[in-house]
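In terms of this note's numbering, the sequence shown is residues 165 to 538. For each residue, glycine too, the CB sits at the ideal point set by N, CA and C. What you are looking at is a predicted structure, and each value in this text was computed from that prediction instead of being measured. Here's the structure, in structure tokens; my notes come after.
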Amino acid sequence: MWSGLFLLLAVALPAQGEDLTQSRKSLKELDQQIRQTTRNLEKKRSAERSLVDELKIVDDELEATRRRVGKISGHIKLLDEQVRAGEERLREVHQGAETAEKRVRRRLVSLYKGGEVGLLRVLFASATPAEMAEDYDYLGRIVRRDRLLLAEYRRQQAALETAQRQLAELRQDQQAALEARRADQENLRQALQRKATLLTEVRRDRKALARALDDLRERAERLTALVKNLETGQAREYTGKPGVFQGQKGKLPWPAKGQVKVGFGTWRHPDLGTLYDSKGLEIAVSGEKPVNAVWQGEVVFASWFKGYGNLLIVDHGDSYFTLYAQAARLNKKVGDRVAAGEPLGFTAPEGAVLYFEIRQGGTPVDPARWLRPL
């Protein structure tokens, strides 16, 4: 399109007093300027994503990084256990190798002192052929025992080398996992800084603030739909004793130790600074802490859920459900039966906000009325 326009401009230009080469050069420069301007506009449009869209991207990054940190932390715990077991195994094998080496050394000293002459002396000291045959058999047993002793020594030495190599590999894996977690934690810190900056901008932008509140409402509606689907779509419902959960009102243990950052009902959002309708509790937890079941039941959902991170839902019967969200990692799966106080997962090592709900027949109820007073 631009080339056609340039051709028309070139034809329309007066021929007198104008050098054709200079005209073409000017048109080429103009073409380059227009193309550069177009590229700049396209770049600007691509950069002009809304603050809320940018906030969503950062939140997705935070959730993905937290999941990764949680998985790496679980892997590190497993490696720690394997390293401890490897160290214990190495001590045992080392003791066995030392014992075998001492036996071989004692036997070598005995052979050195006696030598072949000593063996022949035993053999030819026999008074009768029968005694000689018996002594020969005895010497044969000694030789066979020596062979077994030497084989055991070699086996213990090989086991020692294997245990040392396996322990070294485990320690390398452990170090690599620790470095990977440190890198992810740094990424997490940077993402949190970006989020804080974006939230400051969102508070100053009314349209962005309205969209952020709409996102919170949509998130709550998705969770409500999930619980209703679980309640109506289960092939079998958890069959606890009727009325047992209802009888625990005001007596349930807290799902985690921490400070309530947001309560149930109308609260001022801690990040957005505006009022919104909270369906549960947001509990600020410092460090890596267990997330515990508040009552016995059956796990009916345990997976990542958009807007809530790692989400676990427990069915307690009588249409009562408890929901635990934003855990760094979960250690229960769908179908698992859990007891009151049993760990369902863990928060992130750098701390996190645990989201907790209690629902009756799909409707959120105030958890503070059900949990023990602090």
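Straight across, the Cα-Cα distance linking G429 with W459 is about 23 Å. DSSP places L538 in the coil class of the three-state scheme, outside both helix and strand. Between the alpha carbons of E382 and G238 lies a gap of roughly 32 Å. Distances from the CA of A360 to each of V408, D482, D223 were compared; the closest alpha carbon is that of D223.
The C-alpha of D479 is placed about 17 Å away from the C-alpha of Y519. In this structure, the alpha-carbon of R345 lies about 36 Å from that of N393. Taking a 10 Å sphere around the C-beta of A340, we find fewer than 16 other C-beta atoms and assign the residue as exposed. Considering only V449, L254, V391, the residue with the shortest C-alpha distance to P419 is V449. Per DSSP, the unbroken beta strand (DSSP E) holding Y440 starts and ends at 439-442. Following the DSSP letters along the chain, one finds R523 inside the beta strand (DSSP E) bounded by residues 516-524. A distance below 7 Å between beta-carbons, with the five flanking residues on each side excluded, links L416 to the following residues of its chain, in chain order: V458, W459, W534, L535, R536. Under the DSSP assignment, T430 falls in the beta strand (DSSP E) whose first and last residues are 429-432.
Taking R318 as reference, the option from T486, Q338, P454, H258 with the minimal CA-CA separation is H258. Setting aside the 5 residues that flank it on each side, S483 is surrounded in the same chain by E395, Q524, G525, each with a C-beta closer than 7 Å to its C-beta; the list follows chain order. T326 is classed as exposed because its beta carbon has fewer than 16 other beta carbons within 10 Å across all chains shown. With a threshold of 16 other beta carbon atoms within 10 Å, S467 falls short and is exposed. The C-beta separation of G451 from E521 comes to about 23 Å, leaving the pair out of contact by the 8 Å criterion. Ranked by Cα distance from T263, the first of R230, T229, I221, L324 is L324.
By the criterion of a C-beta distance shorter than 7 Å, E227 is surrounded in its chain by G473, once the five residues flanking it on both sides are discounted. Secondary structure at N456: strand, using DSSP grouped into helix, strand and coil. A direct Cα-to-Cα measurement between Y440 and W431 gives close to 6 Å.
Scanning its chain for C-beta atoms nearer than 8 Å, with the 5 sequence neighbours on each side dropped, one finds around K425 the residues P434, E446, I447, A448, V517, in chain order.
If you ignore the 5 residues before and after G234, its C-beta comes within less than 6 Å of the C-beta of A492, R493, all in its own chain and listed in chain order.
Put simply, the backbone Cα of L331 is about 51 Å away from that of K413.
Residue burial annotation: Q490 is buried, with at least 16 other C-beta atoms found within 10 angstroms of its C-beta. In the structure shown, the three-state DSSP call for E462 is strand. As a beta-bridge residue in DSSP terms, Y484 pairs with G481, Q524.
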